[in-house]
Ligand SMILES: Cc1ncc(COP(=O)(O)O)c(C=O)c1O
Ligand SMILES: Cc1ncc(COP(=O)(O)O)c(C=O)c1O
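Chains as they are written, first to last, in this note's numbering: chain D, 8 to 390; chain P, 8 to 390; chain F, 66 to 214; chain R, 66 to 214.
Shown next, in the form of structure tokens:
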């Protein structure tokens, strides 16, 4: 049986070209980049070049790029770092209800420390309204943190508009772009983004923005983020970025077509099922479908048995078994939130794979509904 | 010219066996370990097994092992996490003057937050006196953090004695074992260690010890450390641990012999030069020599020109150009602290390499002294 | 994550369906938790002749429903009453700790069906208490029988 | 980290040594900073005939000493006075930002040697101020000419 991986938003295989470029930094080029000898300089140069590449794709300057251990750390640093550095100015933070837990739990932590956080509602397609951002601003507001695109439902936020509002009110604007990168074109200067987090991991900090250090220790990353650099990871990230934006328009067109085919196929073939998230302002690789009367984990297990790896909500929370906070924020009742499934496509996704899912999903859903007491009730009530 | 790498305490090449075991987790086994599908379970199992291996070598239980992005994060988490979790109990922390900056700067940060920190002196061989630890304990003491072995001078601390004192006074004991691991046998239970940091990165937290989360977000690491797991890194760490403790006694005997040969050779052949750190309670791979009248960076550059990669003080601080806080804590005057050089050996180090260093070092030092105004003054004064 | 036995009962659940004119029917769990179990029992002469279920829930919920129905078929009411969540979980070669609640749900569903049978027949079953939770009644308390939360 | 020119002057420093009966000698920097530069000048008829140095310091300190002595040889006192730290750094194809202080040290060392020459000969050199820092006098102020700190 063919294995189809449709959870590329959770993790994705490292491309051959990326791994190849990383390998020497495990074995030959292992000198600590902070040292003076030649071997170390090779690594330092590799980091500098990676920084340049990454800066270029973000529209940033190299000295605005800081490497972290991942998206979660970048989010923690951005939010806690600003909260601490600007606490004399105010204690109010604006974010949304559908942020990743790396942002939400950090904000909740700050609430316990005496900060005030406004969690903006989103509309039923998962969109933050820039007007709501504007209305939430107070004198004490020091930070607006709105994700670039949501990891579960793929909705792309009106980042430029929010950036404009932040600029007009002179409030620092952070965006978690972990899911957006490689799928949309980002320009931090044009979009008035002051801080931006990437997975794998990177934090852009605009020149002039103060941030309290988050990880204290050695003088790496110009004294702002301590810890021996993960050279292979950094080099790999830059290469991955290059590949992502190579033939960008063409790739996005292809994957968007496959995405829409999958969405269309599912919602026409399966009754009582609908697309979660926005129809067009949507990541080109994201399909999130709410299927009534079935439960998500069972659905995923059955998909897996059929060789299809998908996810329900975000992978990071599957340990907690709670229904997705994102789907609840869209206004979905619990049973529908539980019955949602996310397929995230990759560049390598084929039409055959999409067709295979379209063949299997209706059967699996029918099988589950046949044993669902909710479906039984529904049928009886609608007889 | 042969290249000799004598900075293994800073970073060390990844062993072939380790890289081989990591590789599949970049490409084939890429499923997010938190997901339900089969591919993810492969990764989950790999992490679980790594956790078991690592727990075994530390004398810990698997549920006491938490993966981090590195030693610096582990130190930050341990110290900030305890400070926050136990602040109702007290605000006093005991550490030493020769800790790594990951510990020191974290403690300095906490001082700004209202904590009180005692930085214990060390003797001229870099040893913390357990009696000093005992004397420093107050009612408000919530944490003792003393490194297992120092990264610059290799001195191995009386960890078991300090652990005993901590236990008797019911104070939590953290040790930074980044440099010690693989070089000494560690047993957290026998040695009464409550938290232990490893590079690459791991934090052992004894069952029952509360720690505030440091990186907030997803539910990874049983809800205590958020962020997508670095599966290749984790798998590699476990393998490296296994290799380090394979034929342990024999390897330690060999490397200790080479270390002592290098120390002996240097201090007999080069006048006005002495060993920094303890003679016997010393990491088997560490040689740190204070050379009078010469400056460290120049020495390193000349060594590098001769194909020898060494370091002065810790690599992590070389960005800052300050003389090493560790050497200053031993009582060395600034000029001697500046003129110290560290050679850290590896399992692969050969007698030929040691001999080569012994051939080159005296020439290099002589050359530097010939252009040193301090040496000129010294000679004139002693004519 | 799941044992082979759990996966087997999930993939090939025994006794899925309804029993027309069942002697007793019990539904427990609720949609908020993400798990609802409905158990149908056919009881004759104090013996459970047949059992069927329908379940909306995770893999563990489906497997425990399947196993619980298997275990009760052919048992007397009193014997069925003594089939605890533990015995269901054990019969499945164990469940992941976060999923142990699911087995409680299966136990409760059987009890609820027995309660329904007792009510219908106006009898009292020794040792049987009124079911704590029902999908139509009220929200589950936190941590009790909530499979997905 | 260093340019090729810096590395060349570090590996093959020009003018290392002492000048016996020098016209002027200047020492700047201090051990705390990790950098001490001593410059010897031989001055005849207002022209710097020869310059030598000894330096305890980092690669940049050695290279700037070497370059500074190269630059002043053959110059008049006034010309030498106008050789700034910037011109030394430029002549070396630049220095890493953290090392720019070192070039300041080289400028100061030349000035100190000229000051010594002026004092010995009881003359005044226009535009020359008393050297700010000397190894025997006092600690360097933070951030001024401290090469390694
Ligand atoms: C939107 C978003 N932010 C942050 C993160 C956290 O990134 P990481 O797991 O790399 O730390 C994720 C991870 O999936 C994400 O999707
Ligand atoms: C004793 C000690 N602690 C902590 C660290 C920090 O570890 P990392 O750089 O892996 O974060 C080091 C690094 O060299 C170290 O030597």
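A virtual CB, placed ideally from N, CA and C, is assigned to each residue, including glycine.
Could you confirm whether any beta carbon from chain F is found closer than 9 angstroms to the beta carbon of residue i?
i: residue 220 of chain D; result: no
i: residue 366 of chain D; result: no
i: residue 44 of chain D; result: no
i: residue 340 of chain D; result: yes
i: residue 380 of chain D; result: yes
Classify residue i as buried or exposed, calling it buried when 16 or more other Cβ atoms lie within 10 Å of its own Cβ.
i: residue 390 of chain D; result: exposed
i: residue 166 of chain P; result: buried
i: residue 255 of chain D; result: exposed
i: residue 287 of chain D; result: exposed
i: residue 211 of chain F; result: Residue confidence for residue 211 of chain F is low, a pLDDT of 49 falling below 50, so the modelled location carries little weight; the figure read from the coordinates is stated next. Its Cβ being crowded by 16 or more others within 10 Å, residue 211 of chain F is buried.
i: residue 236 of chain D; result: buried
i: residue 338 of chain P; result: exposed
i: residue 203 of chain F; result: Bear in mind that a pLDDT of 38 at residue 203 of chain F, under 50, signals an unreliable position, so the number given afterwards is only what the model happens to contain. It is exposed - the Cβ of residue 203 of chain F has fewer than 16 other Cβ atoms within 10 Å.
i: residue 111 of chain F; result: exposed
i: residue 121 of chain D; result: exposed
i: residue 380 of chain D; result: buried
i: residue 180 of chain D; result: buried
i: residue 355 of chain D; result: exposed
i: residue 77 of chain F; result: exposed
Does residue i come within less than 9 angstroms of chain D when only Cβ atoms are used?
i: residue 133 of chain P; result: no
i: residue 82 of chain P; result: yes
i: residue 132 of chain F; result: no
i: residue 115 of chain P; result: yes
i: residue 95 of chain P; result: no
i: residue 83 of chain F; result: yes
i: residue 20 of chain P; result: yes
i: residue 12 of chain P; result: yes
i: residue 72 of chain F; result: yes
i: residue 101 of chain F; result: yes
Would you mind stating whether residue i and residue j have Cβ atoms separated by less than 9 angstroms?
i: residue 82 of chain F; j: residue 118 of chain F; result: yes
i: residue 47 of chain P; j: residue 242 of chain P; result: no
i: residue 221 of chain P; j: residue 70 of chain P; result: no
i: residue 180 of chain R; j: residue 162 of chain R; result: no
i: residue 292 of chain D; j: residue 161 of chain D; result: yes
i: residue 198 of chain P; j: residue 170 of chain P; result: yes
i: residue 232 of chain D; j: residue 68 of chain D; result: no
i: residue 295 of chain D; j: residue 282 of chain D; result: yes
i: residue 178 of chain P; j: residue 153 of chain P; result: no
So, does the CB of residue i fall closer than 9 angstroms to a CB anywhere in chain R?
i: residue 302 of chain P; result: yes
i: residue 323 of chain P; result: Because the pLDDT of residue 323 of chain P is 45, which lies under 50, any placement of that residue in the model is unreliable, and the number read from its coordinates should be weighed accordingly. For residue 323 of chain P, the answer is no, since every Cβ of chain R falls outside 9 angstroms of its Cβ.
Chain P beta carbons: is any one of them nearer than 9 angstroms to that of residue i?
i: residue 78 of chain R; result: yes
i: residue 37 of chain D; result: yes
Using a Cβ-Cβ cutoff of less than 7 angstroms, which residues in the same chain neighbour residue i once the five nearest sequence positions on both sides are dropped?
i: residue 153 of chain R; result: 129, 132, 133, 136, 168, 171, 172
i: residue 369 of chain D; result: 276, 277
i: residue 159 of chain F; result: 68
i: residue 303 of chain D; result: 319, 345, 346, 347, 348
i: residue 12 of chain P; result: 316
i: residue 382 of chain P; result: 300, 376
Return the chain-ordered list of same chain residues with a C-beta closer than 6 angstroms to the C-beta of residue i, the five sequence neighbours on each side being excluded.
i: residue 102 of chain R; result: 93, 94, 120, 130, 170, 174
i: residue 371 of chain D; result: 309
i: residue 98 of chain P; result: 122, 123, 147
i: residue 156 of chain F; result: 132
i: residue 1 of chain P; result: Here chain P has residues from 8 to 390 only, and residue 1 of chain P is not among them.
Which residues in the same chain as residue i place their Cβ atom closer than 8 angstroms to its Cβ, once the five residues preceding and following it in sequence are excluded?
i: residue 28 of chain D; result: 242, 243, 246
i: residue 248 of chain D; result: 60, 61, 64, 188, 189
Going residue by residue through the segment 132-168 of chain R, where are the continuous alpha helix (DSSP H) segments of at least 4 residues, counting only ones entirely within it?
Correct list: 142-146, 150-156.
What are the uninterrupted segments assigned as alpha helix (DSSP H) that are 4 or more residues long and contained completely in the segment 50-94 of chain P, given in chain order?
Within the segment 50-94 of chain P, the runs of alpha helix (DSSP H) at least 4 residues long that lie entirely inside it are, in chain order, 78-92.
Which residue spans inside the segment 345-383 of chain D form an unbroken beta strand (DSSP E) run of at least 3?
Secondary structure within the segment 345-383 of chain D: the beta strand (DSSP E) runs of 3 or more consecutive residues, fully enclosed, are 347-351 (chain order).
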